[in-house]
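If you use this note's numbering, the sequence shown closes out at 383, no skipped numbers anywhere.
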Amino acid sequence: MIPVSEPLLNGNEKRYLAECIDSGWISSEGPFVAKFEAAFAARTGRASGVAVCNGTAALEAALYGLGVEEGDEVIIPAFTIISCAIAVLRLGARPVLVEIDPENWCMDAGLVEARITPRTKVVMPVHIFGHAVDMDPLLRLRERYGFKILEDAAEAHGAEYFSQHLGGCWVKCGAIGDATATSFYANKIVTTGEGGMVLADDPAVAARARAYRNLCFRPERRFYHTEIGYNFRMTNLQAAVGLAQVERLDEFLAIKRRIAVVYEAALRNVAGVRFMSVRPWARSVYWVYAVELDPALGLDAATVMERLKIRGVATRPFFLGLHEQPALHERGLFAGECYPHTEKAYRYGFYLPSGTTLTAELVAQVVAALREALA
Ligand SMILES: *Cc1c(COP(=O)(O)O)cnc(C)c1O
Numbered sequence: 009m010i011p012v013s014e015p016l017l018n019g020n021e022k023r024y025l026a027e028c029i030d031s032g033w034i035s036s037e038g039p040f041v042a043k044f045e046a047a048f049a050a051r052t053g054r055a056s057g058v059a060v061c062n063g064t065a066a067l068e069a070a071l072y073g074l075g076v077e078e079g080d081e082v083i084i085p086a087f088t089i090i091s092c093a094i095a096v097l098r099l100g101a102r103p104v105l106v107e108i109d110p111e112n113w114c115m116d117a118g119l120v121e122a123r124i125t126p127r128t129k130v131v132m133p134v135h136i137f138g139h140a141v142d143m144d145p146l147l148r149l150r151e152r153y154g155f156k157i158l159e160d161a162a163e164a165h166g167a168e169y170f171s172q173h174l175g176g177c178w179v180k181c182g183a184i185g186d187a188t189a190t191s192f193y194a195n196k197i198v199t200t201g202e203g204g205m206v207l208a209d210d211p212a213v214a215a216r217a218r219a220y221r222n223l224c225f226r227p228e229r230r231f232y233h234t235e236i237g238y239n240f241r242m243t244n245l246q247a248a249v250g251l252a253q254v255e256r257l258d259e260f261l262a263i264k265r266r267i268a269v270v271y272e273a274a275l276r277n278v279a280g281v282r283f284m285s286v287r288p289w290a291r292s293v294y295w296v297y298a299v300e301l302d303p304a305l306g307l308d309a310a311t312v313m314e315r316l317k318i319r320g321v322a323t324r325p326f327f328l329g330l331h332e333q334p335a336l337h338e339r340g341l342f343a344g345e346c347y348p349h350t351e352k353a354y355r356y357g358f359y360l361p362s363g364t365t366l367t368a369e370l371v372a373q374v375v376a377a378l379r380e381a382l383a
């Protein structure tokens with residue numbers, strides 16, 4: 009089976025892990041945590057990083073850092089992982105959905121204004137599959153309405169956006185809004201197995217996220233708590249792997265982009281299959297190589313994915329829209345809402361093997377299998 013994703017762990021990972029074991033530092037108090045935070049924050053172009061145990065926790069800690077409270081509203085895309093909605097709900101706030109741009113599956117920034125109310129505290133653009141959300145319209149709306157922007161950059165390590173608003177230059181995804189949450193799950197470009205980080209420039213936002221990660225201990229009086237936090241700490245072992253991974257981010261990005269070029273060249277001649285069309289203001293990192301079938305083929309993603317599995321090719325489905333999640337309906341959310349682009353993406357989209365260990369020969373095998381699956 010050609011796997012969907014496999015991490016490359018042949019840099020300094022073993023060496024740094026051995027340092028943890030030899031020194032006895034395996035908890036979150038170990039020195040790699042701060043080193044990894046500094047390295048990833050620098051790579052993203054942020055002043056501080058707060059490493060946490062996973063990306064879902066990072067979203068929650070970041071929202072807390074931005075001051076989200078009970079009764080607030082947070083605007084998120086309909087097409088994303090449920091983590092985005094869960095993080096909002098955990099703080100007693102309400103997720104409000106927007107439809108996606110069907111070309112690149114990212115939040116349609118042009119539809120955000122219609123969803124703003126006096127309760128809107130945060131807008132959360134999610135850079136999907138390595139492609140930037142169109143951030144300039146959100147930056148302009150922020151000036152007008154005064155909300156905060158939390159970027160979910162879990163799928164966009166190293167991705168860039170061309171911002172007219174910020175002076176007509178390429179800026180890094182994760183360095184644009186007021187704060188960023190990211191994930192280092194095993195399939196993310198930089199991985200720690202499980203892990204996440206909150207990134208911010210404002211020291212107050214970082215300090216709040218840092219407190220939330222560690223039970224809201226008060227520095228001046230230990231074991232005296234005036235707010236509720238959680239144990240979202242990252243271990244020194246995870247951070248050791250993370251540091252070795254960040255050192256190779258440019259190499260990983262080059263591999264991802266090479267894979268995308270090979271796929272794109274091969275898929276151009278496959279009728280009925282569309283891939284991510286990259287907007288001129290985005291430099292995608294192709295976190296995964298996503299495709300969407302033309303409904304005119306009369307085949308849905310589930311059928312083609314099954315046929316690929318039989319042919320030894322692993323795939324993953326797209327996100328089911330948040331407005332179609334039973335667990336969220338049960339909470340009285342999104343009743344009667346419908347997002348046709350999101351629904352179509354779920355029905356016809358899936359992603360192909362795209363890990364950093366994938367070779368051009370394997371890509372050719374995947375494309376051959378896909379041709380057969382469509383025949
Ligand atoms: C992976 C991912 C997350 C969640 O990260 P975990 O580490 O799995 O909790 C959040 N948002 C997006 C867009 C993701 O892809």
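We put the CB at the ideal spot given by N, CA and C, even for glycine.
Among the residues of its own chain, which have a CB less than 6 Å from the CB of Ser-191, if the five just before and after it don't count? Gly-63, Ala-162 and Gly-204
Span separating the alpha-carbon of Asp-258 from that of Gly-166: Separation of Asp-258 and Gly-166 (C-alpha to C-alpha, rounded to the nearest whole angstrom) is 8 Å.
Spatial neighbours of Cys-346 within its chain, please: CB distance less than 6 Å, with the 5 preceding and 5 following residues excluded, ordered by chain position. none
Taking only three categories from DSSP, how would you classify Asp-209? coil
Kindly indicate which residue of Phe-44, Glu-27 and Cys-28 has the alpha-carbon position closest to the one of Thr-199. Phe-44
What are the partner residues of Thr-190, as DSSP defines its beta bridges? Met-205
Which term fits Asp-116, buried or exposed, when burial requires 16 or more other beta carbons within 10 angstroms of its beta carbon? Result: buried.
Taking the beta carbon of Thr-125 as the centre, do at least 16 other beta carbons fall within 10 Å, making it buried, or is it exposed? exposed
Let me make sure I understand the geometry here. Which of Lys-156, Ala-372, Glu-202 and Cys-61 has the alpha-carbon closest to that of Asp-186? Lys-156
Reference Arg-315, options Val-281, Tyr-271 and Leu-382, closest by Cα: Leu-382
Once DSSP output is grouped into helix, strand and coil, what is the label at Gly-138? helix
Kindly indicate if chain D contains any beta-carbon less than 8 Å away from that of Glu-332. Judged by its chain identifiers, the structure shown contains no chain D, having just a single protein chain.
Give every residue of the same chain whose Cβ lies closer than 6 Å to the Cβ of Leu-57, excluding the five residues on either side of it in the sequence, and list them in chain order. Rather than Leu, the amino acid found at residue 57 in this sequence is Gly. Result list for Gly-57: Glu-45, Phe-48, Ala-49, Met-205 and Leu-207, in chain order.
For the alpha helix (DSSP H) that Ser-31 lies in, which residues bound it at each end? Note, Ser-31: alpha helix (DSSP H), 21-31.
For the stretch 23-38 against the stretch 240-248, are there 3 or more C-beta pairs whose distance is under 8 Å? A contact exists between the stretch 23-38 and the stretch 240-248.
Quick check: the stretch 361-374 against the stretch 285-299, are there 3 or more CB pairs under 8 Å? yes
Say the cut is 7 Å; is the CB of Ser-191 nearer than that to a heavy atom of ligand 1? yes
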